[in-house]
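A.B. asks:
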Amino acid sequence: MSGSPLSCSRLIWMCVRTVLSPYDKWNNDRRRHSLAVKGCTVYGKYYSRSSFTAPCFLLATLFPDPALELSICKILPTASLGLNEEQKEFQKVAFDFAAREMAPNMAEWDQKELFPVDVMRKAAQLGFGGVYVQTDVGGSGLSRLDTSVIFEALATGCTSTTAYMSIHNMCAWMIDSFGNEEQRHKFCPPLCTMEKFASYCLTEPGSGSDAASLLTSAKKQGDHYILNGSKAFISGGGESDIYVVMCRTGGPGPKGISCVVVEKGTPGLSFGKKEKKVGWNSQPTRAVIFEDCAVPLANRIGDEGQGFLIAVKGLNGGRINIASCSLGAAHASVILTRDHLKVRKQFGEPLASNQYLQFTLADMATRLVAARLMIRNAAVALQEERKEAVALCSMAKLFATDECFAICNQALQMHGGYGYLKDYAVQQYMRDSRVHQILEGKNCQGLFSSFRTGAGSLLSPVCLSPCLPDLRVQSSPVCLEASSSLPFHRAALAGAWCTKTAPAWSPETQLRHRGWASDHSATALL
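Residues in the sequence shown are numbered consecutively from 307, following this note's numbering.
#1: Spatial neighbours of Trp415 within its chain, please: C-beta separation below 6 Å, excluding the five flanking residues on both sides.
#2: Contact between the stretch 544-563 and the stretch 506-515 is defined here as three or more beta-carbon pairs at a separation below 8 Å; is this criterion met?
#3: Give me the residue from Gly543, Lys728, Ile744, Lys537 with the minimum Cα distance to Ala629.
#4: From Ala405 to Thr462, what distance separates their C-alpha atoms?
#5: Determine the DSSP secondary structure at Cys464, reduced to helix, strand or coil.
#6: Nearest to Ala429 by alpha carbon, out of Val594, Cys498, Ala413, Ser639?
#7: Taking a contact to mean a Cβ-Cβ separation below 9 Å, would you say Phe596 touches Leu615 in this structure?
#8: Are three or more beta carbon pairs between the stretch 695-715 and the stretch 621-640 nearer than 8 Å?
#9: Does the count of Cβ pairs from the stretch 554-563 and the stretch 384-396 closer than 8 Å reach three?
#10: Please report the distance separating the alpha-carbon of Ala385 from that of Leu460.
#11: Going by other Cβ atoms of all chains shown within 10 Å of its Cβ, with 16 needed for buried, is Tyr531 buried or exposed?
#12: Within its chain, find whatever has a CB closer than 7 Å to the CB of Glu746; leave out the 5 residues flanking it on each side and keep chain order.
#13: Which term fits Lys537, buried or exposed, when burial requires 16 or more other beta carbons within 10 angstroms of its beta carbon?
#14: Rounding to the nearest angstrom, what Cα-Cα distance links Lys686 and Glu655 in this structure?
#15: Roughly how far, in whole angstroms, is the beta-carbon of Lys579 from the beta-carbon of Ser546, given that I think they are within contact range, below 8 Å?
#16: Just checking my contact of Ala413 with Ala731 at CB under 8 Å: how many whole Å lie between their CB atoms?
#17: How many Å lie between Asp645 and Leu727 at the Cα?
#18: Between Ser266 and Glu709, what straight-line distance do the alpha-carbon atoms span, to the nearest angstrom?
#19: Could you tell me if Gln689 is buried or exposed, where buried requires 16 or more neighbouring beta carbons within 10 angstroms of its beta carbon?
#20: Is it buried or exposed for Pro590, if we count other Cβ within 10 angstroms and need 16 for buried?
#21: Could you check the C-alpha separation between Pro496 and Phe403 for me, to the nearest Å?
#22: Could you pull the DSSP bridge partners for Met552 from this structure?
#23: Using a Cβ-Cβ cutoff of less than 8 Å, which residues in the same chain neighbour Pro572 once the five nearest sequence positions on both sides are dropped?
#24: Would you report the Cα separation of Ser513 and Ala524, rounded to the nearest angstrom?
#25: Pick from Met720, Ala697, Arg682: whose alpha carbon is nearest that of Thr453?
#26: With a floor of 3 residues, list each beta strand (DSSP E) that falls wholly inside the stretch 446-508, ordered by position along the chain.
#27: Are the CB atoms of Ser739 and Cys631 nearer to each other than 9 Å?
#28: Just to confirm before moving on: does the CB-CB distance between Met720 and Thr672 stay below 9 Å?
#29: Just grab the DSSP bridge partners of Ile607 for me.
#30: Can you give me the start and stop residues for the beta strand (DSSP E) that Glu510 sits inside?
#31: Within 10 angstroms of its Cβ, does Ala604 collect 16 or more other Cβ (buried), or is it exposed?
#32: Can you name, in chain order, every residue of its own chain whose Cβ lies under 7 Å from the Cβ of Val594, other than the five neighbours on each side?
#33: Can you name the residues that DSSP bridges to Ile540?
#34: For Leu389 and Ala668, what's the separation of their Cα atoms in angstroms?
#35: Distance check for Gly611 and Gln664, CA to CA, integer angstroms please.
#36: Measure the C-alpha to C-alpha separation of Glu487 and Arg427 and round it to an integer number of angstroms.
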């Protein structure tokens, strides 16, 4: 076989076709592909988009065939790939709102540390104040996947503000899911309109990741609980109207924890100083202090001793939400970087012509898409209450927040000195996304949580990808993207084998074709 690019590519595809056959049916008959997507034709054969995307994206980057250029550019994943029409509409509304109401103001909110109450209430008019709260109390009643899509889009406009909105939504959901009918109809409607704002109070000065050791006490006295203690790093502290507080009503450990709602203005409730932070400056962060704070027994959410369960269930969704905010920051950073490389010239040429920067941008785009798929996979698992959902949520939060911060940081680097100036938005996305690796469970703790909650079981041959096979069968909104992730390891093995057995290309040929692939991979994403 000759060493031409065409023959090498054909060799690779022959190998890929062999190793992928247990997972994907490569067939000429279009009627066999019932998914509502267009296929693509390569070398006279028809492949569904779900089968073709993963190996094409990976192998075209390594050993691209110029004849594949048109097909590859058409099928590379975008932020809306795999979503149904309704979800695309949600996404469009959120993107438009972010571009119109948030992005033009985010620098001012950051520099002046303004809490944009009016803008968030405008967002609530679109249904973003109670996205996954039930409709009978004013919520939008959407799924976890819908919620992730919305928060990702909003975060492109202002990551800090969207992150607070995600916490507010989590609090509203906790009351909606575990409160009685009286509590649901009292607290949820004003939260869904954002007439009132909510804060989540779990972390204490002496208990962060070890949340079950919290010390804030709630002693029953007549028809009230008397709260004493403090909470640390509370987003919205001092500005929020409703505080969902985890406190100790029983003995040590998680079974002694209950959940109560404390309303602003309650005697004995006070706040610490407003913290000065690296990012997240559009939302205030304060300590919340309870000194003989009398809270009605009627404000307890769920039964006594159920508080830790409520807190953890809230955090499962909260981790997906905050990771989705990281996606938005990374997505915006990649776009800004792409545009900067097009207009910035060095040595007489745009930076976009530099192959190293092309490769880097392609790598950023790849990691962004991988994080997005992982989050959406976890969102569907949580919505369907699968047994592996908790592990998947922890894994998705860990992976996505790490990768998205790395993308934002790399985007700043690729802007050079301009990226370090506050006149350029890329630095704010980097600063605002850094804390996502800490809150909702530090990422180092997330590794332990993933293992403890059964991540190891996901690696069995039967459950190599626990959600994705089912998603394909059910034609879930994420099936088109999800099904493409399964063959990646096999495609990589095929590519590695070909590099050892195929005739070597000249360095010039490799650079030429890799440069083509990286350029198209990065730009087609956006």
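Every residue gets a Cβ at the ideal spot worked out from N, C-alpha and C, and that includes glycine.
C.D. replies: This is what the structure gives:
#1: Translated into positions along the sequence shown, residue 415 becomes position 109. Take Trp415, set aside five residues on each side of it, and the residues of its chain with a beta-carbon closer than 6 Å to its own are Pro422, Ser588, in chain order.
#2: The stretch 544-563, when compared against the stretch 506-515, does touch it at the 8 Å Cβ threshold.
#3: On the sequence shown, residue 629 is found 323 positions in, with the first residue counted as 1. Ranking Gly543, Lys728, Ile744, Lys537 by Cα distance to Ala629 puts Ile744 first.
#4: Counting from 1 along the sequence shown, the entry for residue 405 is found at position 99. Counting from 1 along the sequence shown, the entry for residue 462 is found at position 156. The alpha-carbon atoms of Ala405 and Thr462 are separated by roughly 8 Å.
#5: Taking the first residue of the sequence shown as 1, we reach residue 464 at position 158. If DSSP states are grouped into helix, strand and coil, Cys464 belongs with coil.
#6: Indexing the sequence shown from 1 puts residue 429 at position 123. The residue with the shortest Cα to Cα distance from Ala429 is Cys498.
#7: Mapped onto the sequence shown, residue 596 falls at position 290. Mapped onto the sequence shown, residue 615 falls at position 309. 9 Å or more divides the Cβ of Phe596 from the Cβ of Leu615.
#8: Yes, the stretch 695-715 is in contact with the stretch 621-640.
#9: A contact is defined here as three or more CB-CB pairs under 8 Å, and the stretch 554-563 fails this definition with respect to the stretch 384-396.
#10: One-based indexing of the sequence shown puts residue 385 at position 79. One-based indexing of the sequence shown puts residue 460 at position 154. Computed Cα separation, rounded: 13 Å.
#11: Locating residue 531 in the sequence shown gives position 225, where the first residue counts as 1. The C-beta of Tyr531 has 16 or more other C-beta atoms within 10 Å across all chains shown, which makes the residue buried.
#12: On the sequence shown, residue 746 is found 440 positions in, with the first residue counted as 1. Hits under 7 Å: Leu621, Gly624, Arg625, Ile628, Lys703.
#13: Within the sequence shown, numbered from 1, the residue matching residue 537 stands at position 231. Burial is judged here by how many other beta carbons sit within 10 angstroms of a residue's own beta carbon; Lys537 has at least 16 and is buried.
#14: Reading the sequence shown from its first residue, position 380 is the one you call residue 686. Reading the sequence shown from its first residue, position 349 is the one you call residue 655. For clarity, residue 686 is Val in the given sequence; the question names Lys instead. The straight-line gap from Cα to Cα measures roughly 45 Å.
#15: Here residue 579 is taken as the residue at index 273 of the sequence shown, counted from 1. Here residue 546 is taken as the residue at index 240 of the sequence shown, counted from 1. Not really, about 16 Å apart at Cβ, beyond 8 Å.
#16: For the purposes of this step, residue 413 is taken as the residue at position 107 of the sequence shown. For the purposes of this step, residue 731 is taken as the residue at position 425 of the sequence shown. Yes, they are in contact, since the Cβ atoms of Ala413 and Ala731 sit about 7 Å apart, within 8 Å.
#17: The count along the sequence shown starts at 1 and reaches residue 645 at position 339. The count along the sequence shown starts at 1 and reaches residue 727 at position 421. Rounded to the nearest whole angstrom, the CA to CA distance from Asp645 to Leu727 is 17 Å.
#18: No statement about residue 266 is possible, as the shown extent of the chain runs from 307 to 832 and does not include it.
#19: Position 383 of the sequence shown, counted from the start, is the residue given in the question as residue 689. Classification for Gln689: buried.
#20: In the sequence shown, residue 590 corresponds to position 284, counting from 1. Buried, by the Cβ-count rule.
#21: Here residue 496 is taken as the residue at index 190 of the sequence shown, counted from 1. Here residue 403 is taken as the residue at index 97 of the sequence shown, counted from 1. If I take the Cα positions, the gap works out to 21 Å.
#22: Counted from its first residue, the sequence shown places residue 552 at position 246. Per DSSP, the beta bridge partners of Met552 are Cys565.
#23: Mapped onto the sequence shown, residue 572 falls at position 266. For the sequence presented, residue 572 should be read as Thr rather than Pro. Excluding positions up to five away in sequence, the list reads Cys599, Ala600, Val601.
#24: Locating residue 513 in the sequence shown gives position 207, counting from the first residue. Locating residue 524 in the sequence shown gives position 218, counting from the first residue. Approximately 17 Å, taken between the alpha carbons.
#25: Mapped onto the sequence shown, residue 453 falls at position 147. With distances taken between CA atoms, Thr453 lies nearest to Arg682 out of Met720, Ala697, Arg682.
#26: Unbroken beta strand (DSSP E) stretches of 3 residues or longer found wholly inside the stretch 446-508: 504-507, given in chain order.
#27: Locating residue 739 in the sequence shown gives position 433, where the first residue counts as 1. Locating residue 631 in the sequence shown gives position 325, where the first residue counts as 1. Remark: C-beta atoms of Ser739 and Cys631 approach each other more closely than 9 Å.
#28: Along the sequence shown, one-based indexing puts residue 720 at 414. Along the sequence shown, one-based indexing puts residue 672 at 366. Going by C-beta atoms, Met720 is not nearer than 9 Å to Thr672.
#29: In the sequence shown, residue 607 corresponds to position 301, counting from 1. Paired residues: Cys565.
#30: What you label residue 510 is simply residue 204 of the sequence shown in a count that begins at 1. Under the DSSP assignment, Glu510 falls outside any beta strand (DSSP E); it carries neither an H nor an E label.
#31: As a first step, residue 604 is located in the sequence shown; it is residue number 298 there, counting from the start. It is exposed - the Cβ of Ala604 has fewer than 16 other Cβ atoms within 10 Å.
#32: Counting from one through the sequence shown, the residue named residue 594 turns up at place 288. Scanning its chain for C-beta atoms nearer than 7 Å, with the 5 sequence neighbours on each side dropped, one finds around Val594 the residues Cys507, Ser536, Lys537, Ile540, Gly543, Tyr549, Phe577, in chain order.
#33: Walking along the sequence shown from the start, residue 540 turns up at place 234. The partner list for Ile540 (beta bridge, DSSP) reads Arg592.
#34: In the sequence shown, residue 389 corresponds to position 83, counting from 1. In the sequence shown, residue 668 corresponds to position 362, counting from 1. Rounded to whole angstroms, the separation of the alpha carbons of Ala668 and Leu389 is 23 Å.
#35: Your numbering for residue 664 matches position 358 in the sequence shown. Your numbering for residue 611 matches position 305 in the sequence shown. Our two residues, Gln664 and Gly611, have alpha carbons roughly 55 Å apart in a direct line.
#36: Along the sequence shown, one-based indexing puts residue 487 at 181. Along the sequence shown, one-based indexing puts residue 427 at 121. Distance from the CA atom of Glu487 to the CA atom of Arg427, rounded to whole angstroms, is 25 Å.
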